[in-house]
Amino acid sequence: MKEIPNAIVCEGCDAVYARIPLKRRQVSNCSRCGSELDRHAGDQNDRILPLTIASLVLFAIANLFPIVEIELQGLRSQTTLIGAIQVLAGEGMSVVAVLVLSTTLLFPLLQLCILFYLLLPLQRSRRPVGFGMLVKLMQRLRPWGMIEVFLLGVLVAIVKLSSMAQVVAGPALWAFVGLTVLLTAVLSFDPRAFWDMAFEPKEEQAA
Ligand SMILES: [Zn+2]
816 MKEIPNAIVC EGCDAVYARI PLKRRQVSNC SRCGSELDRH AGDQNDRILP LTIASLVLFA
876 IANLFPIVEI ELQGLRSQTT LIGAIQVLAG EGMSVVAVLV LSTTLLFPLL QLCILFYLLL
936 PLQRSRRPVG FGMLVKLMQR LRPWGMIEVF LLGVLVAIVK LSSMAQVVAG PALWAFVGLT
996 VLLTAVLSFD PRAFWDMAFE PKEEQAA
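Residue numbers (my numbering): 816 to 1022.
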């Protein structure tokens, strides 16, 4: 199907509307079914940079501190994410190690760094070098960040291990929980909003 420029299709009933530029805090709704069609991204854009910075801080905590500490017959052992990946690689499970490394560490970190790189200059109405390519890359990376899957796996392992050993959740586990929530908010950021921000400065100055 050919895409019509500047058209919005209602997600509720498939009605097609022409896009009207919205002002701050304005929301447009479908006149047939009432579903939300479009929303001015201003407020969301202001929130997304602080959320990205908070995510980067949590990301650092999640990777530098131990996830769990296990105590079994007086022996204590703790592991960080990197430590767990090294063990996996050492046990001959290199494929799993690479998967965990990319989906839990590399891709989410890359996404956060790109977001930060794009949003910082956009706040001052400047478009950074490589803008179009990076917005596209963000889209490509989106399905590959799987911190929530990793977190679920860790929680299942903790429950199973807790019958055999004493398991204490480390600071990184809580950071992962927070990161899962923050990343959901940050990565639900509509990539179209980057373009709105990049082409919007005139309206901002006039206001
Ligand atoms: Zn509708």
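A virtual CB, placed ideally from N, CA and C, is assigned to each residue, including glycine.
The structure presented is a predicted model; accordingly, all values stated were derived computationally and were not measured.
Own chain residues within Cβ distance below 6 Å of residue i, not counting five before or after
i, result
"Leu-799", "Lying outside 816 to 1022, the shown extent of the chain, residue 799 is not represented and no answer is given."
"Leu-864", "Leu-934"
"Leu-988", "Ile-882"
"Ile-929", "Leu-949 and Met-953"
"Asn-878", "Leu-896"
"Ile-835", "none"
Residues bridged to residue i (per DSSP)
i, result
"Asp-853", "Ser-843"
"Thr-894", "Val-883"
"Tyr-832", "Ile-823"
Same chain, Cβ closer than 8 Å to residue i, five either side skipped, listed in chain order
i, result
"Cys-848", "Cys-825, Gly-827, Cys-828 and Ala-830"
"Phe-946", "Leu-933, Phe-1009 and Ala-1013"
"Val-950", "Leu-933, Pro-1006, Phe-1009 and Trp-1010"
"Leu-903", "Ser-909, Val-911, Ala-912 and Val-915"
"Thr-867", "Leu-927, Leu-930, Phe-931, Leu-934 and Val-1001"
"Arg-959", "Correcting the residue type first, residue 959 is Trp in the shown sequence and not Arg. Ser-917, Thr-918 and Phe-922."
"Ser-850", "Cys-825, Glu-826, Gly-827, Cys-828 and Asn-844"
Rounded Cβ spacing between residue i and residue j (contact assumed at less than 8 Å)
i, j, result
"Leu-914", "Leu-896", "At roughly 13 Å, the Cβ-Cβ gap does not stay under 8 Å, so Leu-914 and Leu-896 are not in contact."
"Phe-931", "Leu-871", "7 Å"
"Ile-973", "Leu-998", "With 8 Å as the limit, Ile-973 and Leu-998 do not qualify as a contact, their Cβ atoms being about 21 Å apart."
"Gly-985", "Glu-886", "Contact doesn't hold; Cβ gap of about 12 Å is too wide."
"Asn-844", "Ala-833", "The Cβ separation is near 15 Å, so there is no contact."
"Val-992", "Leu-966", "7 Å"
"Ile-823", "Asp-853", "6 Å"
Residue i Cβ short of 7 Å to ligand 3 heavy atom set
i, result
"Lys-838", "In the structure shown, ligand 3 is absent; the only ligands present are ligand 1."
Beta-carbon proximity list for residue i, same chain, < 7 Å, skipping 5 on both sides
i, result
"Leu-976", "Ile-885 and Val-982"
"Leu-813", "Any question about residue 813 goes unanswered here, given that the chain covers just 816 to 1022."
Checklist entry - When a residue counts only if its C-beta is closer than 6 Å to some heavy atom of ligand 1, which residues count, in chain order? => result Cys-825, Gly-827, Cys-828, Ala-830, Cys-845, Arg-847, Cys-848 and Ser-850
Checklist entry - In chain order, which continuous runs of the beta strand (DSSP E) of length 3 or greater are located wholly inside the segment 970-1012? => result Taking 3 residues as the shortest admissible run, the segment 970-1012 contains the following complete beta strand (DSSP E) segments, listed from N- to C-terminal end: 981-984.
Next on the checklist: Quick check on the DSSP output: what are the complete alpha helix (DSSP H) runs of length 4 or more inside the segment 886-956, in order along the chain?
Outcome noted: You should have 896-905, 909-915, 922-938 and 946-956.
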